[in-house]
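Okay, structure first, notes after.
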């Protein structure tokens, strides 16, 4: 019996998803990942952890995974990104300036600023990126 | 010279915050934490990483830290939470059902459902929690 089960107060322990209550709980690596194939992206994959399809009305949470040397395209959009670095290290390029980051850093990418993420480490770079639900 | 600096293409490397561009980048542990003192909370602290004060119009990102045995209050609100477990293990209680979780799990907490987070591990529990900007 795991520690979580021993700590149960009600005995009503669930495992995995419970969409009956409209909630969703899972390990991020269980969500399938897709390659990002837009121009300017290299070695980028994404897992959509939470989105409008799950009933999240306001914003969506994605996990990006960049292979060694990988980068997102240099791009701009009107909405903000909110990013948290889970693993690895890299450079955040914003309006021509480069900002080094590592695990446990967070980044607010304001709307309308040209930016890119680049993996400069020797292993995978993984980061969460939250966007408004309708931003696509 | 660090790897990030060696990898610089433009030489325009910045360190720490760059509020001039409206962006914000920092290590989460550099953001001061405050105790959560509302009724039903025990051993809970929060760091507001990104909020409306930083110019984030749509949503806010907070890092919650629960001491061993700590828990958030059993509470309900109309908006969704989006959560990512950074460190530790615990139980997510939602509408009376208990869902064990550990690092790298994500949770969509739908609006209007009574819920609580509880640290059931033997060390700190840390998780990101994203809410709409106006949810407070």
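Residue numbers (this note's numbering), protein chains in the order written: chain Y, 19 to 154; chain F, 19 to 154.
Here a beta-carbon is modelled for each residue, glycine too, at the ideal position from N, C-alpha and C.
Query                                                                                                             : Result
Chain-ordered chain Y contacts of residue 72 (chain F) [CB-CB under 8 Å]                                          : 126
Cα-Cα separation, residue 3 (chain Y) to residue 130 (chain F)                                                    : Because chain Y here runs from 19 to 154, residue 3 (chain Y) falls outside it and cannot be looked at.
Interface flag, residue 95 (chain Y) vs chain F, CB-CB below 7 Å                                                  : no
Chain F contact for residue 43 (chain Y) (CB, 7 Å cutoff)                                                         : yes
Short-range partners of chain F found in the stretch 42 to 64 of chain Y, where Cβ spacing is below 7 Å           : 42, 43, 44, 45, 46 and 47
C-beta neighbour in chain F for residue 88 (chain Y), strict 7 Å                                                  : no
Element boundaries [beta strand (DSSP E), containing residue 118 (chain F)]                                       : 115 to 120
Short Cβ contact (7 Å threshold) for residue 84 (chain F) with residue 62 (chain F)                               : yes
Check whether residue 122 (chain Y) and residue 88 (chain Y) have beta carbons under 7 Å apart                    : no
Whole-angstrom C-beta distance between residue 100 (chain F) and residue 77 (chain Y), which should lie under 8 Å : 7 Å
Neighbour flag for residue 91 (chain Y) against chain F, beta carbons, 7 Å                                        : no
Minimum Cβ-Cβ distance from residue 155 (chain F) to chain Y less than 7 Å                                        : Nothing in the structure corresponds to residue 155 (chain F), since chain F is present only between 19 and 154.
Boundaries of the beta strand (DSSP E) in which residue 146 (chain Y) is found, first to last residue             : 143 to 150
Strand pairing of residue 95 (chain Y), partner residues [DSSP]                                                   : BP columns for residue 95 (chain Y) are empty, so no partner.
Cross-chain neighbours of residue 68 (chain Y) in chain F, by beta carbon under 7 Å                               : 100, 124 and 126
Residue 10 (chain F) vs residue 108 (chain F) beta-carbon contact at 7 Å                                          : Any property of residue 10 (chain F) remains undetermined from this structure, which presents chain F solely from 19 to 154.
Given residue 47 (chain Y) as reference, the closest of Y:148, Y:66 and Y:40 once Cα atoms are compared           : Y:66
Extent of the continuous beta strand (DSSP E) run through residue 111 (chain F)                                   : 107 to 112
Assigned secondary structure, residue 76 (chain F) (DSSP; H/G/I helix, E/B strand, else coil)                     : coil
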